[in-house]
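Novice: Position one of the sequence shown corresponds to residue 387 (the working numbering), numbered consecutively onward.
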Amino acid sequence: MNGMTLPKYSLFLFLLAIAILIIVVLSSFFAQSPELIMLSEREITEYEGEPLSSILDFRENSIRGPQYIDRESYRMQIGGLVETPRTYTYDEVLAFPHYGKVLTLYCVEGWDVTIFWEGILVSDLLDSATVQPGANTVVFSAYDGYSTSLPLDYTRDKDVLLAYRMNNITIPAERGYPFVLVAEEKWGYKWIKWVTTIEVSDDPGYRGYWEERWYSQTADITDDFYA
Ligand SMILES: Nc1nc2c(c(=O)[nH]1)N[C@H]1C(S)=C(S)[C@@H](COP(=O)(O)O)O[C@H]1N2
Ligand SMILES: [Mo]
């Protein structure tokens with residue numbers, strides 16, 4: 387009798403063990419680390435005690451209204467007087483070292499905003515392409531056809547940033563996503579949004595959109611903008 391029941395009993399145990407194994411394997415498969423749920427990003431209102439403006443304090447006055455740039459197809463071109471022209475994706479630009487500073491943008495219309503900016507150095511991008519001797523100017527162009535220029539030395543001496551975050555949140559489309567130039571001590575029209583191209587040149591006379599309409603080429607906030 388024992389000889390008849392033992393194999394049946396052990397077969398039952400064997401099948402039970404397999405069933406448990408399948409359940410364990412399947413449940414561990416479905417219970418993989420739970421999906422990350424991002425809480426909505428929140429803007430900071432001060433940085434190390436210094437009060438900040440809000441991204442809502444800007445007045446929208448772009449020449450063609452807000453631009454909506456797709457992160458996947460976005461490319462940053464670096465060309466002109468460089469040894470190795472470069473084309474970077476959004477992620478490749480973000481792979482450069484990150485820097486931050488609190489700076490105020492003054493628009494010629496009489497309003498200003500103080501923001502904590504985070505970005506990468508324009509000079510790091512330029513170095514990655516190796517600037518040719520004789521260059522003295524950097525021309526920036528944007529997705530909406532806007533452009534402006536700045537002296538090469540200024541971009542290096544002032545650690546000029548291409549910002550991808552403001553007040554701890556990713557720069558929104560209306561404010562220039564993916565990249566805004568943080569042109570310290572220059573009028574707001576030098577703070578080009580939606581930057582797509584950086585062109586190194588030996589022509590300090592290149593006049594951008596507003597400079598062509600007789601806004602100051604140097605655009606120092608200590609001077610009149612209409613010059
Ligand atoms: N591409 C692009 N960048 C631009 C502009 C623009 O029209 N197009 N306007 C400039 C001006 S005049 C100012 S004051 C700042 C801030 O403008 P905003 O308040 O419209 O963001 O963006 C600057 N950058
Ligand atoms: Mo402006």
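Positions of the beta carbon are idealized from the N, C-alpha and C atoms, including for glycine.
How would you label V499, buried or exposed, when you count the other beta carbons within 10 angstroms and need 16 or more for buried?
Specialist: Looking at its Cβ environment, which holds 16 or more other Cβ atoms inside 10 Å, V499 is buried.
Novice: Looking only at its chain, what residues have a beta carbon closer than 6 Å to the beta carbon of G562, apart from the 5 residues adjacent to it on each side?
Specialist: These residues qualify, in order along the chain: K579, W580.
Novice: CB L548 to CB I506, shorter than 8 Å?
Specialist: Taking 8 Å as the Cβ cut-off, L548 and I506 qualify as a contacting pair.
Novice: Hey, is the segment 461-473 in contact with the segment 443-451, meaning 3+ C-beta pairs nearer than 8 Å?
Specialist: Touching, no, given that fewer than three Cβ pairs across the two stretches are closer than 8 Å.
Novice: Suppose contacts are defined by Cβ-Cβ distances below 8 Å. Is V566 in contact with W573 by that definition?
Specialist: No, these two residues do not count as a Cβ contact at 8 Å.
Novice: Cutting at 7 Å between CB atoms, please list the residues of its own chain near S509, excluding the five before and the five after it.
Specialist: Contacts found: T541, R542.
Novice: Going by the beta-carbon positions, is the gap between A521 and D606 smaller than 8 Å?
Specialist: Cβ atoms of A521 and D606: not closer than 8 Å.
Novice: Could you give the first and the last residue of the continuous alpha helix (DSSP H) run that contains A515?
Specialist: Element bounds for A515: 508-515.
Novice: List the endpoints of the continuous alpha helix (DSSP H) containing L480.
Specialist: Its alpha helix (DSSP H) spans residues 476-480.
Novice: Which whole-angstrom value is the C-beta distance of R445 and E495, which I expect to be below 8 Å?
Specialist: Indeed they touch by this definition, with Cβ atoms about 7 Å apart.
Novice: Pull up the distance between the alpha-carbon of T583 and that of I408, whole angstroms please.
Specialist: So the two alpha carbons sit approximately 56 Å from each other.
Novice: Quick check on R561: does DSSP put it in helix, strand or coil?
Specialist: Three-state result, R561: helix.
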